[in-house]
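Report on one structure; see the data block that follows.
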Amino acid sequence: MSINKKKISSLLIVCTGNSCRSIMVEGYLSKRLKEKGMDIQVASAGTIAMGCTAPLEGTITVMKEEGIDVSGYRSNALQKDAVKAADLILIMEPMHEDAVLEVDPLAKDKIFYLREFVEGELSGKCIPDPIGKPIEIYRDILDIIKKSAEGFLKWLEK
Numbered sequence: 259m260s261i262n263k264k265k266i267s268s269l270l271i272v273c274t275g276n277s278c279r280s281i282m283v284e285g286y287l288s289k290r291l292k293e294k295g296m297d298i299q300v301a302s303a304g305t306i307a308m309g310c311t312a313p314l315e316g317t318i319t320v321m322k323e324e325g326i327d328v329s330g331y332r333s334n335a336l337q338k339d340a341v342k343a344a345d346l347i348l349i350m351e352p353m354h355e356d357a358v359l360e361v362d363p364l365a366k367d368k369i370f371y372l373r374e375f376v377e378g379e380l381s382g383k384c385i386p387d388p389i390g391k392p393i394e395i396y397r398d399i400l401d402i403i404k405k406s407a408e409g410f411l412k413w414l415e416k
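Just so we're aligned: 296 in our numbering is position 38 of the sequence shown, and the numbers increase by one with no gaps anywhere.
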């Protein structure tokens, strides 16, 4: 990874609809970065998000269980200015990389799969979309997100 970690001041989290995964990541990472005293801004967007849509009920529920209120959040569509402004972009699956590069081909070197940062049995690339699934699946996805985010924080601190 050729990113200068010391210069990271903004993250962009990208998923499909910006109603589940990216909101979970944004909420969790924002909380953990603040707890660690790290001044890094976190934003999120969706590749097909229309904008101004509330998070899905499953997202609100599992984040509330984590002590994080995302009920007031509204979705954002993936925009070139957000991609350019981000020092690092964390994605959930390959189609998100394609969408980011379509918006800004120069962003290639700052795109990473969030799940790349987790080790062990949960390692991999993709974080599945829980949309339309039972609440237990949302909890499973949040668990993957938390472990991946903690791996990312360790990488940042190295």
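Note that the Cβ used here is the ideal one computed from N, Cα and C, for glycine as well. Predicted, not measured: the structure shown is a model, and the values here were computed from it.
Any idea if residue i is buried or exposed, counting beta-carbon neighbours within 10 angstroms, 16 or more meaning buried?
| i | result |
| --- | --- |
| D401 | exposed |
| I271 | buried |
| G409 | buried |
| G378 | exposed |
| A343 | exposed |
| G316 | buried |
Short of 6 angstroms in beta carbon distance, which residues of its chain neighbour residue i, apart from the five on each side in sequence? Order them along the chain.
| i | result |
| --- | --- |
| I399 | P388 |
| L414 | K263 |
Three-state secondary structure (DSSP) at residue i?
| i | result |
| --- | --- |
| Y286 | helix |
| G390 | coil |
| L411 | helix |
| Y396 | helix |
| V300 | strand |
| I318 | helix |
| I402 | helix |
| V361 | helix |
| I271 | strand |
| I326 | coil |
| I281 | helix |
Spatial neighbours of residue i within its chain, please: C-beta separation below 7 angstroms, excluding the five flanking residues on both sides.
| i | result |
| --- | --- |
| K289 | I326 |
| G306 | In the sequence under discussion, the amino acid at residue 306 is Ile, which differs from the Gly named in the question. The answer, listed in chain order, is T274, G275. |
Is it the case that the Cβ atoms of residue i and residue j are separated by a distance below 8 angstroms?
| i | j | result |
| --- | --- | --- |
| L364 | L269 | no |
| Y286 | I369 | no |
| G356 | V341 | It is worth fixing the name first, because residue 356 is Asp in this sequence and not Gly. No, they are not a contact pair. |
| V300 | L314 | no |
| K412 | D345 | no |
| A407 | V328 | no |
| K416 | V376 | no |
| K215 | E374 | Lying outside 259 to 416, the shown extent of the chain, residue 215 is not represented and no answer is given. |
Express the C-alpha separation of residue j and residue i in angstroms, rounding to a whole number.
| i | j | result |
| --- | --- | --- |
| G304 | A312 | 13 angstroms |
| S381 | E351 | 13 angstroms |
| S277 | D339 | 20 angstroms |
| M353 | E360 | 10 angstroms |
| K294 | S267 | 14 angstroms |
| K391 | I298 | 32 angstroms |
| S280 | Q337 | 15 angstroms |
Can you name, in chain order, every residue of its own chain whose Cβ lies under 8 angstroms from the Cβ of residue i, other than the five neighbours on each side?
| i | result |
| --- | --- |
| G309 | R332, S333, N334, A335 |
| T319 | I393, Y396 |
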